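Q:
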Amino acid sequence: MEKKNKYMDLNALISDMQLKDKRYKNIFKRFQIIFFVFIFIYGGLFLVNPDAELTINDRLAGGCYVIAFSLFAFYFRKYYKKYKEVNYSDSVKKVLTDAEKRYRFKKPDFVLVFIGIILIGIATVLVSSKFSNGDYNIIYIYILLLIIGISVGYLWWRKDNRPIWLSTKKLLKELDE
Amino acid sequence: MSKKDEKFRKIISENEQKISSICRYYSSNDEDHKDMYQEVLINVWKSIDSFRGDSQLSTWIYRVAVNTAMGFANKEIRRQKIFLGDKDNRLQNFIDVDEGSVKEKEKLFQILENQINQLSVIDKIIITLVLESVNHKEIASVIGITEPNVRVKIHRIKNELKEVLESFNI
Chain A
61 MEKKNKYMDL
71 NALISDMQLK
81 DKRYKNIFKR
91 FQIIFFVFIF
101 IYGGLFLVNP
111 DAELTINDRL
121 AGGCYVIAFS
131 LFAFYFRKYY
141 KKYKEVNYSD
151 SVKKVLTDAE
161 KRYRFKKPDF
171 VLVFIGIILI
181 GIATVLVSSK
191 FSNGDYNIIY
201 IYILLLIIGI
211 SVGYLWWRKD
221 NRPIWLSTKK
231 LLKELDE
Chain B
12 MSKKDEKFRK
22 IISENEQKIS
32 SICRYYSSND
42 EDHKDMYQEV
52 LINVWKSIDS
62 FRGDSQLSTW
72 IYRVAVNTAM
82 GFANKEIRRQ
92 KIFLGDKDNR
102 LQNFIDVDEG
112 SVKEKEKLFQ
122 ILENQINQLS
132 VIDKIIITLV
142 LESVNHKEIA
152 SVIGITEPNV
162 RVKIHRIKNE
172 LKEVLESFNI
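The listed protein sequences correspond, in order, to chains A and B. The working numbering runs 60 ahead of the 1-based position in the first sequence. The working numbering runs 11 ahead of the 1-based position in the second sequence.
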């Protein structure tokens with residue numbers, strides 16, 4: 061017969077956590093499916109589609125979309141896992157080092173997202189060039205939206221994550237003293 | 012019962028006292044203690060797959076407890092106040108205060124608790140582990156620094172606390 065925990069109802073806690081594990085797996089699966097569907101639709105429409113009216117630009121655009129969505133899917137998978145599966149059993153120093161990397165504004169992996177964003181921009185220009193008759197206003201709109209997006213992201217990071225980032229840096233310095 | 016479930020129950024039943032004891036330092040009342048204890052258990056569950064016996068189970072448990080208590084792994088790094096509760100004798104032994112020379116034990120304890128709460132976050136963790144009689148090697152492994160570094164830090168904390176006591180003529 062198992063010993064009863066003095067402080068907590070273990071059975072209730074375990075079933076609650078199993079439920080959360082299941083929910084997390086489902087969310088993860090759903091997002092993976094969404095990205096997969098995007099890759100499938102864009103790949104099908106622009107790359108596999110035998111329609112003779114599709115120009116080389118359309119095919120190139122399709123390639124850009126597929127690569128961009130694949131990069132986003134990869135980035136999402138990596139970061140979602142990193143955030144959800146924080147390992148509490150690492151040493152304090154390792155946990156702090158990981159947190160410092162996680163809460164930085166400029167993450168090395170962000171290059172992947174940036175490449176993805178550029179590829180979507182290129183693809184959008186390639187597709188719209190058919191209808192725009194040499195008018196490339198869409199590029200300016202896209203760049204403007206990009207700048208707004210990065211600025212909002214930076215402000216959000218400054219307010220939300222910068223204090224944590226600074227604290228982790230301070231604690232790491234303290235550890236080495 | 013799944014394997015994870017079984018492993019979890021075994022770890023908790025063997026270490027419930029240790030977890031509870033660490034949580035006491037970071038909780039001012041029973042309600043907080045219960046919340047922290049539950050939080051540690053949740054994080055033990057989340058990290059259980061990473062335990063492969065490379066380190067001692069007690070080290071592993073202390074790591075989870077300390078990281079949880081200080082919020083290092085999530086968005087809220089806490090500047091925790093620590094509570095020493097009934098650890099007065101252990102504390103006295105730690106700074107080598109002669110029992111006979113202490114007239115106002117309660118005052119001494121109060122001064123020490125206040126002073127410990129002025130220490131840096133890392134030093135606070137070290138103090139709690141020392142008071143739990145965790146050896147230097149294990150503390151080094153929990154924190155991720157070298158054993159000599161742990162010794163230096165402990166020596167520094169001791170001196171700091173002694174200096175404060177001297178300034179109070181204790």
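Backbone N, C-alpha and C fix where the C-beta goes; we use that ideal spot for every residue, glycine too. Model, not experiment: these values are computed from the prediction.
1) Quick check: the Cα distance between S31 (chain B) and I208 (chain A), rounded to an integer number of angstroms?
2) Under the three-state reduction of DSSP, which class applies to E113 (chain A): helix, strand or coil?
3) Can you give me the start and stop residues for the alpha helix (DSSP H) that E160 (chain A) sits inside?
4) Within the same chain, show all residues whose beta-carbon is closer than 6 Å to that of K148 (chain B), passing over the 5 residues directly before and after it, in chain order.
5) Mapping DSSP to helix, strand and coil, what is Y214 (chain A)?
6) Work out the CA separation of L156 (chain A) and R164 (chain A) for me, nearest whole Å.
7) Since I122 (chain B) and K173 (chain B) are thought to touch, with beta carbons under 8 Å apart, how far apart are those beta carbons, to the nearest angstrom?
8) Helix or strand or just coil, what does DSSP make of Y37 (chain B)?
9) Just to make sure I have the definition right: I need the residues of chain A whose C-beta is within less than 7 Å of the C-beta of N54 (chain B). Which are they?
10) For the stretch 155-167 of chain B, which residues have a beta carbon sitting closer than 9 Å to at least one beta carbon of chain A?
11) To be precise: take each residue of the stretch 207-222 of chain A, compare its Cβ to all Cβ atoms of chain B, and keep it if any distance is under 7 Å. Which residues remain?
12) Is the shortest distance between the beta-carbon of S131 (chain B) and the beta-carbons of chain A less than 7 Å?
13) Please confirm whether S58 (chain B) has its beta-carbon closer than 7 Å to some beta-carbon of chain A.
14) Which residues in chain A have a C-beta closer than 8 Å to the C-beta of T79 (chain B)? List them in chain order.
15) Cα separation between F96 (chain A) and A133 (chain A)?
16) Are there three or more Cβ pairs, one per stretch, closer than 8 Å when the stretch 65-82 of chain B is compared with the stretch 135-153 of chain B?
17) May I ask you to verify whether the stretch 176-190 of chain A touches the stretch 37-46 of chain B, counting CB pairs closer than 8 Å and requiring at least 3?
18) If you follow the alpha helix (DSSP H) that E171 (chain B) is part of, which residue opens it and which one closes it?
19) Could you tell me whether the stretch 76-83 of chain B touches the stretch 47-60 of chain B, where touching means 3 or more Cβ pairs closer than 8 Å?
20) Over the uninterrupted alpha helix (DSSP H) stretch that includes P223 (chain A), give me the two end residues.
21) Mind reading off the beta-carbon distance from I133 (chain B) to Y73 (chain B)? Whole number of angstroms is fine, and I expect it under 8 Å.
22) Using only alpha-carbon positions, find the residue among A:K82, A:Y139, A:D111 and A:I87 that is nearest to K167 (chain A).
23) By how many angstroms is the C-alpha of S13 (chain B) removed from the C-alpha of M61 (chain A)?
A: According to the structure data:
1) Cα to Cα, the separation comes out at about 49 Å.
2) Collapsing the DSSP output to three states places E113 (chain A) in coil.
3) For E160 (chain A), the enclosing alpha helix (DSSP H) stretches over residues V152 to R162.
4) Excluding sequence neighbours, K148 (chain B) sits near E158.
5) In the displayed model, Y214 (chain A) falls within a helix according to three-state DSSP.
6) Rounded to whole angstroms, the separation of the alpha carbons of L156 (chain A) and R164 (chain A) is 12 Å.
7) Not a contact, Cβ separation roughly 12 Å.
8) If DSSP states are grouped into helix, strand and coil, Y37 (chain B) belongs with coil.
9) Annotation: Cβ neighbours of N54 (chain B) in chain A (cutoff 7 Å, chain order): Y148.
10) Under the 9 Å Cβ criterion, the stretch 155-167 of chain B contributes G155, I156, N160 and K164.
11) For the stretch 207-222 of chain A, which is checked against every Cβ of chain B, not one residue is closer than 7 Å.
12) Chain A contact via Cβ: present.
13) Using a CB distance cut-off of 7 Å, S58 (chain B) counts as an interface residue toward chain A.
14) Here the neighbours are Y148.
15) About 8 Å.
16) Judged by Cβ distances under 8 Å, the stretch 65-82 of chain B makes contact with the stretch 135-153 of chain B, as three or more pairs qualify.
17) Taking a contact to require three or more Cβ pairs closer than 8 Å, the stretch 176-190 of chain A and the stretch 37-46 of chain B do not qualify as touching.
18) Unbroken alpha helix (DSSP H) run through E171 (chain B): E158 to S178.
19) Touching, yes, given that three or more Cβ pairs across the two stretches are closer than 8 Å.
20) First-last of the alpha helix (DSSP H) with P223 (chain A): R222 to D236.
21) Going by Cβ atoms, the distance from I133 (chain B) to Y73 (chain B) rounds to 14 Å, so no, they are not a contact pair.
22) Just measuring C-alpha positions, the residue of A:K82, A:Y139, A:D111 and A:I87 sitting nearest K167 (chain A) is A:Y139.
23) Residue placement at M61 (chain A) is poorly supported in this model, since its pLDDT is 48, which falls under 50; the coordinates are not used for a value here.
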